[in-house]
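Participant: Here the UniProt record's numbering is used: position 268 in the sequence shown is 268, and no number is missing along the way.
Glycine included, every Cβ here is placed at the ideal spot set by N, Cα and C.
Before anything else, here's the structure in question.
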Amino acid sequence: MKLTINEIAEMAQVAKSTVSKALNGQKGVSEENRKRILNIVRQVNFQPNSAARALAQNKTGTIGFVLPHEAAFSLSGVYWAGIVTAVAAEVSKRGCNLMVITPSEDAENPFASLESIIRRRIVDGLIIGAEQLDTKSMMSILMEDIPFVFIGRNAVLQHYCVDVNNTEGAAAVVSQLINHGYKHIACITGPADYLYTQDRITGFTDAMNAANLDGTRIVHTSYLEEDTRKNTAKLMERYPDTDALFITAGGEFVLTILETLRLSGISLRGFGFGVFDDSRIFDFLDFPIITAKQPIKRLGSTAAQLLFDLIEGTPPAQTVCWLPVDIVLR
Numbered sequence: 001m002k003l004t005i006n007e008i009a010e011m012a013q014v015a016k017s018t019v020s021k022a023l024n025g026q027k028g029v030s031e032e033n034r035k036r037i038l039n040i041v042r043q044v045n046f047q048p049n050s051a052a053r054a055l056a057q058n059k060t061g062t063i064g065f066v067l068p069h070e071a072a073f074s075l076s077g078v079y080w081a082g083i084v085t086a087v088a089a090e091v092s093k094r095g096c097n098l099m100v101i102t103p104s105e106d107a108e109n110p111f112a113s114l115e116s117i118i119r120r121r122i123v124d125g126l127i128i129g130a131e132q133l134d135t136k137s138m139m140s141i142l143m144e145d146i147p148f149v150f151i152g153r154n155a156v157l158q159h160y161c162v163d164v165n166n167t168e169g170a171a172a173v174v175s176q177l178i179n180h181g182y183k184h185i186a187c188i189t190g191p192a193d194y195l196y197t198q199d200r201i202t203g204f205t206d207a208m209n210a211a212n213l214d215g216t217r218i219v220h221t222s223y224l225e226e227d228t229r230k231n232t233a234k235l236m237e238r239y240p241d242t243d244a245l246f247i248t249a250g251g252e253f254v255l256t257i258l259e260t261l262r263l264s265g266i267s268l269r270g271f272g273f274g275v276f277d278d279s280r281i282f283d284f285l286d287f288p289i290i291t292a293k294q295p296i297k298r299l300g301s302t303a304a305q306l307l308f309d310l311i312e313g314t315p316p317a318q319t320v321c322w323l324p325v326d327i328v329l330r
C-alpha cells in the first residue's frame, strides 16, 4: 500500500507538518501523535520520497567521506577501510548515503573533485581524514559553511575531530620494549608535518628519556615503498647496534620495514618491535610484536555521530573527542 504524506496526515488526523516532524525526529510533536503516526507508517510500510524530503529540508541525504590518500593506498590497509565501514554503517542507520571522495594524482590540485562537490553542495556534511587536506580545500569548506569533522587533528585548523591519544600510546609501547630489555631502540616514522607523527615521536622520546636512554635515533620517511626501504636501510647503517624498532604506523609500512630488515640479513627473532597499529597478521609471525591497537570502528562511528550532531545544530562542548588505545603483545 503506497500512501502520500497527505494521506498519512488524514489517517492520523494531524497536520501534514506534524507528520513530517514525526518522521524526521523533530521536536514540536506530542508523544501521543508521534506514536500514532509511526504506528500508521509501520502498518502501511510508508516510504518517504527522499528527493522531496531533501528538497523540503534543503538536504541531500548524502554524507561525504574524504580519504587522505588515493583509494589504492588508503584502502589497502585495515585502518581507513575499517573506518569507512564503520562510518557507512552509522550513515545507513540514519537513512542516508555515503559518498567516498579520494584525492587524485594531480599534484597541483589533488582535491579538485572535493571542491566541485562543495560548490554544488551535494553533501550535507563531510568526514575528513585530516592529515593531507590542503588549505585551499579547507577554505572552500569553511566558505560554503558545510558541517565537517576531522578524523585525526589537522595541522592548520583546530576543529571538531575524533582522535586517539597518540603520545600516551606511543610511550606505552616503547616502555614495554624497554621493560623487555631493549636499550638501543630506534624510531621509523612518517612525514614530519603530520600531527600524529609528531605526537608519536614525543611519546617515543618521553619513554626513552624517562629510562635514561638515547631517544635521538629517529628517521622520517614517506609511506611510499621505495622511500621506506631506503630510509630503513639508512637508519640501520647509521645505528648498527640498534636492537629494537618503534614503527609509528602500520599496514604495508610495517611489512615493508620487516622485509627490508630480513633481506639485509638481520635476524628478526632477536629484534624487538613496537608498532602504533595492530593486525591479526602479526600473530602469524615467528617473533613477538608489541602493538598499540586503535579503536578503528569506534573512531568511524564516533566521527559520524559527531557530524550528525553538527548537522542538527547540537555541537558538543569539547572540540576533540579522545579515544584510548590498547597495548597488545602479539
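I'd like to check one pair, G190 with residue 338: are the Cβ atoms closer than 8 Å?
Facilitator: There is no way to answer for residue 338, as the model of the chain reaches only from 1 to 330.
Participant: Who are the Cβ neighbours of T319 in its own chain at under 6 Å, not counting the five residues just before and after it?
Facilitator: Once the five neighbours on either side are set aside, the close Cβ partners of T319 are Y160.
Participant: Give me, in chain order, the residues of the same chain whose beta-carbon lies closer than 7 Å to that of A317; leave out the 5 immediate sequence neighbours on both sides.
Facilitator: Excluding sequence neighbours, A317 sits near nothing in its chain.
Participant: Looking only at its own chain, which residues have a Cβ that is under 6 Å from the Cβ of L75, when we skip the five neighbours before and after it?
Facilitator: Once the five neighbours on either side are set aside, the close Cβ partners of L75 are A81.
Participant: Is the beta carbon of I63 sitting closer than 8 Å to the one on L98?
Facilitator: Yes, these two residues count as a Cβ contact at 8 Å.
Participant: Pick out whichever of R94, M138, V156 has its Cα sitting closest to the Cα of F148.
Facilitator: For the residues R94, M138, V156, the minimum Cα distance to F148 belongs to M138.
Participant: What span of residues does the beta strand (DSSP E) with D206 cover, start to end?
Facilitator: Here D206 belongs to no beta strand (DSSP E); instead the alpha helix (DSSP H) covers 195 to 210.
Participant: Could you check how far apart the C-beta atoms of C321 and L306 are, in whole angstroms? I think they sit under 8 Å.
Facilitator: Going by Cβ atoms, the distance from C321 to L306 rounds to 6 Å, so yes, they are a contact pair.
Participant: Going straight from the alpha carbon of D277 to that of L177, what length do you get?
Facilitator: Computed Cα separation, rounded: 15 Å.
Participant: Can you give me the start and stop residues for the alpha helix (DSSP H) that N6 sits inside?
Facilitator: Element bounds for N6: 5 to 12.
Participant: Buried or exposed, going by whether 16 or more other CB atoms sit within 10 Å of the CB of V156?
Facilitator: Exposed is the call here.
Participant: Name, in chain order, the residues that DSSP records as bridge partners for L327.
Facilitator: In the sequence as presented, Leu is not what sits at residue 327; that position holds Ile. In the DSSP output, where bridge partners are listed per residue, I327 has A292.
Participant: Would you kindly check if the distance between the Cβ of R217 and the Cβ of T242 is under 8 Å?
Facilitator: Going by C-beta atoms, T242 is nearer than 8 Å to R217.
Participant: DSSP three-state label for L155, please.
Facilitator: First, the amino acid is wrong: residue 155 is Ala here, not Leu. A155 falls in the coil class under three-state DSSP.
Participant: From R330, F253, G313, V19, pick the residue whose C-alpha is nearest to that of F284; which is it?
Facilitator: Selected option, being the one with the closest Cα: R330.
Participant: Is Q132 buried or exposed, if buried means 16 or more other CB atoms sit within 10 Å of its CB?
Facilitator: Looking at its Cβ environment, which holds 16 or more other Cβ atoms inside 10 Å, Q132 is buried.
Participant: Quick check: what's the CA-CA separation for H220 versus N209?
Facilitator: Roughly 20 Å separates the two Cα atoms.
Participant: If you draw a straight line from the C-alpha of G152 to the C-alpha of I128, how long is it?
Facilitator: C-alpha separation (whole angstroms): 9 Å.
Participant: Pick out the complete alpha helix (DSSP H) segments inside the segment 226 to 311, 4 residues or longer, and give them in chain order.
Facilitator: Correct list: 252 to 263, 296 to 311.
Participant: With H, G and I counted as helix, E and B as strand and the rest as coil, what does DSSP make of A186?
Facilitator: In the structure shown, A186 sits in a strand (DSSP, three-state: E or B).
Participant: Rounded to whole angstroms, what's the CA-CA distance from V328 to D227? Just pull it up for me.
Facilitator: Looking at the two C-alpha atoms, the distance is approximately 28 Å.
Participant: Could you spell out where the alpha helix (DSSP H) holding L114 opens and where it closes?
Facilitator: Taken as a continuous stretch (DSSP letters only), the alpha helix (DSSP H) holding L114 covers 112 to 120.
Participant: Starting from the C-beta of K16, find all residues in its chain whose C-beta is less than 7 Å away, skip the five residues before and the five after it, and write them out in chain order.
Facilitator: The residues are I5, N6, A9.
Participant: Relative to the alpha-carbon of G265, which residue among A292, F253, F246, E237 has its alpha-carbon at the smallest distance?
Facilitator: Of the listed residues, the one whose Cα sits closest to G265 is E237.
Participant: Rounded to a whole number of angstroms, what is the C-alpha to C-alpha distance between Y196 and A211?
Facilitator: Between Y196 and A211, the C-alpha separation is close to 23 Å.
Participant: Taking R94 as the reference, which of V84, A304, S30 has the closest Cα?
Facilitator: Closest by alpha carbon: A304.
Participant: At what residues does the alpha helix (DSSP H) containing T85 begin and finish?
Facilitator: Start and end: 78 to 93.
Participant: Measure the CB-CB distance between N165 and P324 and report whether it falls below 8 Å.
Facilitator: Contact flag set, yes.
Participant: For D326 and A172, what's the separation of their Cα atoms in angstroms?
Facilitator: Cα to Cα, D326 sits roughly 9 Å from A172.
Participant: Following the continuous alpha helix (DSSP H) through F177, name the residue where it begins and the one where it ends.
Facilitator: Checking the displayed sequence, the identity of residue 177 turns out to be Leu instead of Phe. 166 to 179 is the span of the alpha helix (DSSP H), which, as asked, contains L177.
Participant: Just confirm the distance between the C-beta atoms of G300 and V275, as a whole number of angstroms; I'd bet it's less than 8 Å.
Facilitator: Contact doesn't hold; Cβ gap of about 21 Å is too wide.
Participant: Take V254 as the anchor and find which of E31, G77, Q198 has the nearest alpha-carbon.
Facilitator: Ranking E31, G77, Q198 by Cα distance to V254 puts G77 first.
Participant: Terminal residues of the continuous alpha helix (DSSP H) containing A72?
Facilitator: Unbroken alpha helix (DSSP H) run through A72: 71 to 74.
Participant: Quick one: is the Cβ of L224 within less than 7 Å of any heavy atom of the ligand FMN?
Facilitator: With respect to the ligand FMN, the structure offers nothing, as it holds no ligand at all.
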